[in-house]
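Here's the structure we're looking at; comments come further down.
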Amino acid sequence: MTAVTVIVPVYRAEAYLGACIESILNQTFSDFALILVDDGSPDRCGEICEAYSQKDSRIRVLHQENQGQSAARNHALAVTDSPWVSFVDSDDLIHPRMLELLYRAAREGSAGVSMCRMLESPSLPDTFLEPKTGEFKVFHLDDETLSRMYREGTYPAWVSCGKLIRRELVQRRLFCPGRVYEDNEAVCRWLAGEDLAQMDEELYFYRTNPESTTKSAFSMKKLDFLWALESITGFYGSMGFATTRDCFFDRWVRESAGFYRVVRWVEGNKRAARAMKRTFRRFLRSQGSGLTKPQLEEVLDAMHPRLIRLYWPMEGLCRTLRQEGLGGLVRKLRNHRKRGE
Numbered sequence: 039m040t041a042v043t044v045i046v047p048v049y050r051a052e053a054y055l056g057a058c059i060e061s062i063l064n065q066t067f068s069d070f071a072l073i074l075v076d077d078g079s080p081d082r083c084g085e086i087c088e089a090y091s092q093k094d095s096r097i098r099v100l101h102q103e104n105q106g107q108s109a110a111r112n113h114a115l116a117v118t119d120s121p122w123v124s125f126v127d128s129d130d131l132i133h134p135r136m137l138e139l140l141y142r143a144a145r146e147g148s149a150g151v152s153m154c155r156m157l158e159s160p161s162l163p164d165t166f167l168e169p170k171t172g173e174f175k176v177f178h179l180d181d182e183t184l185s186r187m188y189r190e191g192t193y194p195a196w197v198s199c200g201k202l203i204r205r206e207l208v209q210r211r212l213f214c215p216g217r218v219y220e221d222n223e224a225v226c227r228w229l230a231g232e233d234l235a236q237m238d239e240e241l242y243f244y245r246t247n248p249e250s251t252t253k254s255a256f257s258m259k260k261l262d263f264l265w266a267l268e269s270i271t272g273f274y275g276s277m278g279f280a281t282t283r284d285c286f287f288d289r290w291v292r293e294s295a296g297f298y299r300v301v302r303w304v305e306g307n308k309r310a311a312r313a314m315k316r317t318f319r320r321f322l323r324s325q326g327s328g329l330t331k332p333q334l335e336e337v338l339d340a341m342h343p344r345l346i347r348l349y350w351p352m353e354g355l356c357r358t359l360r361q362e363g364l365g366g367l368v369r370k371l372r373n374h375r376k377r378g379e
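Structure, rendered in structure tokens:
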């Protein structure tokens, strides 16, 4: 049994797959196995995987019909017994010391998860391979720490790559097949209440691809982000992590309004827009909390343009009443009437 299993779901990555595999095989840490899952890729990825497996006994290749990245990762998890797992995307690269440093940090910090920073770029910069110190800090992932990480924009905390994770934590919540943003939905459950060893150094190279599902122009699959946010919000609420829950709830409101604008007013898809409204109302009721004033204004502006035209004059009158009293309101209405004449 190896200490670590690295899992790589493979699909349409022929141009980058070799470099990805090489970056894993060239690790300074050697006690690992590599599982490549050919997710029914229509190019030469399956052949490339098999060719590498003939050269290195640490590699195991799984082939499956195209079911998506989530199913590919779950397939690999079902056949590994390593106590630690790490996920790498097939068009990305990792620093030669990533596994070594993440494993050391996790062991020395007695942490269930260790995490590095990700360098995002369409091409690999020379600086990525510079020496690293491996310095890390350990945080207990309670409500305060998670909400701080969210506010600081430490979003890699909610993606599966760039981490070393105890397999038992991953098995708390496997990836949901058929979804995108599925790692966002799952990772929050791995982290909550655990100790995290965090490095500020970039050990994972994330290749930005404008044609990927999350980076490309709008498609209805992107609405899965709302599904992920709903699940994350509900989970943190069930954990009693009120501040973190509120962070994700606010994100859900803003993203819902933004996606609705695109679906209804850009794409002109009335049917999908109506379904989004129903889903929005249903989830809002399930949370048992109303919207803040900024959230309400955001939703009205996106989903109810006629109401927002009534809302703003009424909001102005109410503000005058609060600030200047009834007399001020009467004067304002009188002046408004005179201007209308």
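Sequence positions in the sequence shown follow our numbering and run 39 to 379. Cβ atoms here follow ideal geometry from the backbone N, Cα and C, with glycine treated the same way. The structure presented is a predicted model; accordingly, all values stated were derived computationally and were not measured.
Relative to the C-alpha of residue i, which residue among the options is closest?
i      : options                       : result
Gln102 : Val123, Ala110, Pro121        : Ala110
Ile59  : Gly231, Cys87, Leu157, Ala41  : Cys87
Tyr25  : Asp69, Gly275, Asp129         : There is simply no residue 25 to check, as the chain begins at 39 and stops at 379 in what is shown.
Leu100 : Tyr90, Gln107, His113, Ser108 : His113
Cys285 : Leu234, Met187, Leu74         : Met187
Leu334 : Phe287, Leu162, Ala89, Leu74  : Phe287
If I measure Cβ to Cβ from residue i and keep anything under 6 Å in the same chain, skipping five residues before and after, which residues do I get?
i      : result
Arg96  : Ala71, Leu72
Asn104 : Asp77, Gly78
Leu184 : Thr282
His178 : Asp233
Asp69  : Thr40, Ala41
Between residue i and the rest of its own chain, which residues show a CB-CB distance below 7 Å, the 5 nearest in sequence each way excluded?
i      : result
Thr66  : Pro134, Arg135, Glu138
Trp196 : Asn222, Val225, Cys226
Thr192 : none
Asp127 : Cys199
Leu264 : Trp290, Glu293, Ser294, Phe297
Ile400 : Not covered by the structure: residue 400. The range shown for the chain is 39 to 379.
Ser324 : none
In whole angstroms, what separates the C-alpha of residue i from that of residue j?
i      : j      : result
Asp119 : Ala295 : 43 Å
Thr271 : Phe279 : 10 Å
Thr40  : Cys154 : 22 Å
Val301 : Leu322 : 20 Å
Phe318 : Lys175 : 39 Å
Ala144 : Ala89  : 33 Å
Gly275 : Trp228 : 15 Å
Looking at the secondary structure, which residues open and close the alpha helix (DSSP H) in which residue i lies?
i      : result
His113 : 107-115
Leu137 : 136-146
Phe318 : 308-325
Cys214 : Per DSSP, Cys214 belongs to no alpha helix (DSSP H) and is neither H nor E.
Val151 : Counting along the chain, Val151 falls outside any alpha helix (DSSP H), though it belongs to the beta strand (DSSP E) covering 151-159.
Arg186 : 181-189
Trp303 : Trp303 -> no alpha helix (DSSP H), and no H or E assigned at all.
Taking the beta strand (DSSP E) that residue i falls in, what are its first and last residues?
i      : result
Leu334 : Not the beta strand (DSSP E): Leu334 falls in the alpha helix (DSSP H), residues 331-341.
Ile204 : Reading the sequence as shown, one finds Arg at residue 204 and not Ile. Its beta strand (DSSP E) spans residues 201-204.
Val48  : 42-48
Lys175 : 175-178
If you drop the 5 nearest sequence neighbours on each side, which residues of the same chain put their C-beta closer than 8 Å to that of residue i?
i      : result
Leu115 : Ile45, Val123, Arg205, Val208, Gln209, Leu212
Ala266 : Arg217, Tyr219, Glu220, Asn222, Glu223
Original post:
Taking contact to mean at least 3 C-beta pairs separated by less than 8 Å, is the segment 235-245 in contact with the segment 194-201?
Top reply: yes
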